[in-house]
Amino acid sequence: MERIARVSLVDSAVERLRNEICSGAWPIGSKIPSESELGGVLGVSRPSIREALRSLVHLGLVETRQGDGTYVVADDQTAVAMRQAVTRAPERDRSVVFRSLDMLAAREAASSRTPEDLTALRRHLDARRAACAAADTASFTHHDVAFHVCVARASHNALLIGLYRSFEGTLHDAVGLAAGDGCVDDPRFDPHEQLFWAIQRGDQRSAIKAAGGALDAH
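For the sequence shown, the UniProt record's numbering gives the first residue as 1, with consecutive numbering after it.
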């Protein structure tokens, strides 16, 4: 058996700072205390704090703004790593994986949705249609992506939701580029409406089919 290695001051500082971020004590968008303040609270030197902050920057949890300070930009390093992997992946690979996740989310939502989930889905779907009629690309994109995220949330599967959210930025870009192509005049032929109705009925097979059609619309 190998001897247990001592944890360095930098590693300890990283862990303490990461806990503050992940616990919500320092929410996303907030400015964290200065190096001198952190060093005083944790009882370690400024060079150690500086190295710990570099580690958090590398993890994607904070960013340093020259002359301003350090800000929290994420609270889940696993999600950050997943988003980075998605961004680096070839477009075809992203498309195949997202399509599979979207159909899985639709199937699970059909069996696990709550009245609150249906209300959220309906709200974004109606706002999406209104934005389409008004030719408001920004609003259309926002509500289209929000609708798909709500489908994933309706699955009530934390792992699936986390994986799905890692594609949110990619989905937002794709919908923005093809916003006009996602508009369907008659709700009866809109795959997004069909997806909602299938989820509302608890019809897993129809939900899977509609999810595929909604992706094809973009």
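Glycine included, every Cβ here is placed at the ideal spot set by N, Cα and C.
Of the candidates A79, T64, D117, the residue whose Cα lies closest to the Cα of S34 is T64. At a Cβ-Cβ threshold of 8 Å, I28 and A74 count as neighbours.
Inter-residue distance for A135 and D126 is about 14 Å (C-alpha atoms, whole angstroms). Buried is the label assigned to Q194, since at least 16 other Cβ atoms lie within 10 Å of its Cβ.
In the structure shown, G213 adopts helical secondary structure according to DSSP, grouped into three states. By DSSP's assignment, R65 forms a beta bridge with G69. Straight-line measurement puts the Cα of S36 at about 38 Å from the Cα of I161.
Between F167 and V86 a beta carbon distance of about 6 Å is seen, short of the 8 Å cut, so the two are scored as contacting.
If you draw a 10 Å sphere on the C-beta of L53, you find 16 or more other C-beta atoms in it, and that means buried. Considering only K31, C22, R113, the residue with the shortest C-alpha distance to G67 is K31.
CA-to-CA, the gap between R201 and A110 works out to about 7 Å.
Rounded to whole angstroms, L121 and D144 show a C-alpha spacing of 10 Å. Taken atom to atom, the span from the alpha-carbon of V14 to that of W26 is near 14 Å. When the beta-carbon positions are compared, R165 and V149 come within less than 8 Å of each other. Considered as a whole, the segment 75-114 harbours 77-88, 91-112 as its complete alpha helix (DSSP H) runs of no fewer than 4 residues, in chain order.
In this model, R205 and P90 are separated by some 29 Å (Cα to Cα). H58 sits exposed, since fewer than 16 C-beta atoms from the chains shown fall within 10 Å of its C-beta. Restricting attention to L61, G60, L38, the CA atom closest to the CA of R50 is found in L38.
An exposed status is given to V96, since fewer than 16 other beta-carbon atoms sit within 10 Å of its beta-carbon.
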